[in-house]
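Per full-length UniProt numbering, the sequence shown starts with residue 1, numbered consecutively.
Virtual Cβ for every residue (Gly too), placed ideally from N, Cα, C.
Shown next, in structure tokens, is the structure this report addresses.
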Amino acid sequence: MPVEERRELVLDAAVAAFAEGGYAGTTTDQVARRAGVSQPYVVRMFGTKQALFLAAHARVMGRITDEFAAAAVPGAGEENLRRIGGAYARLISDRDVLRVMQHGFTLGADPELGPAMRESLLGIVRQIRELSGADIERTRDFLAQGMLINTLVALQLAEYSADDPEAEALCTLVLEPKGLLGNRLLGQVDER
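Here it is in structure tokens:
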């Protein structure tokens, strides 16, 4: 197998492993086993677990920004918020994307990983503003609603909400296509 294909295989395995165990709970050996290569090979390829995580996180964030760019239509302005929201909803149906992104964002205080994690979030902010023309307040609201959706999806709250009226109401409001917050995330609510 060519080196670049093997690198992609290792990165796929790293995304899956870090999604499951987070940064602290994942070893390069676990990634190697998932990829079907040796642990020393992973270390030779990436250097450190930290570098491997950065590469896995960058892959996930790159997938997000690529999907946002593909969803947007030049000159569509705030209509692109709806398009970006739809692309994001499809992306986070892959729980590995959601989990790796969130694991990364918990590392903001880490002196080595924090700068890259902060920059990845700010890259999303800049892209949303550029694609939609939204001001910083509208971008904040869009992201805040997205983060609530992230939390509900990560907690699998919808799957466990049948016995709790508040959980069911929240999930319906946020996650259902006609839910007010879900529609705001998709840019479909007239704020007047």
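Residue i - DSSP class collapsed to helix/strand/coil
{"i": "Q30", "result": "helix"}
{"i": "Y23", "result": "coil"}
{"i": "V73", "result": "coil"}
{"i": "I92", "result": "coil"}
{"i": "Q50", "result": "helix"}
{"i": "G36", "result": "coil"}
{"i": "E78", "result": "coil"}
{"i": "D110", "result": "coil"}
{"i": "M1", "result": "coil"}
{"i": "A87", "result": "helix"}
Chain-order list of residues whose beta-carbon lies under 7 Å from that of residue i (same chain, five-residue window excluded)
{"i": "A51", "result": "none"}
{"i": "V15", "result": "A56, R59, V60, D96, V100"}
{"i": "E168", "result": "S161, A162"}
{"i": "E67", "result": "A87, L91"}
{"i": "E78", "result": "S132, G133, A134, G187"}
{"i": "L98", "result": "I92, N150, V153, A154"}
Where the alpha helix (DSSP H) through residue i begins and ends
{"i": "P40", "result": "39-46"}
{"i": "I124", "result": "114-132"}
{"i": "P165", "result": "165-175"}
{"i": "D141", "result": "136-155"}
Buried versus exposed, by CB contacts within 10 Å (16 or more), residue i
{"i": "T48", "result": "exposed"}
{"i": "T151", "result": "exposed"}
Within 8 Å, strictly: CB atoms of residue i and residue j
{"i": "A10", "j": "V31", "result": "The question names Ala, yet the displayed sequence has Val at residue 10. Result yes, Cβ atoms of V10 and V31 sit closer than 8 Å."}
{"i": "R34", "j": "A19", "result": "no"}
Sequence-distant residues of its chain with Cβ nearer than 8 Å to residue i (five each side left out)
{"i": "L121", "result": "F105"}
Own chain, CB closer than 6 Å to residue i, minus 5 neighbours either side, in chain order
{"i": "I84", "result": "F68, A71"}
{"i": "L54", "result": "A116"}
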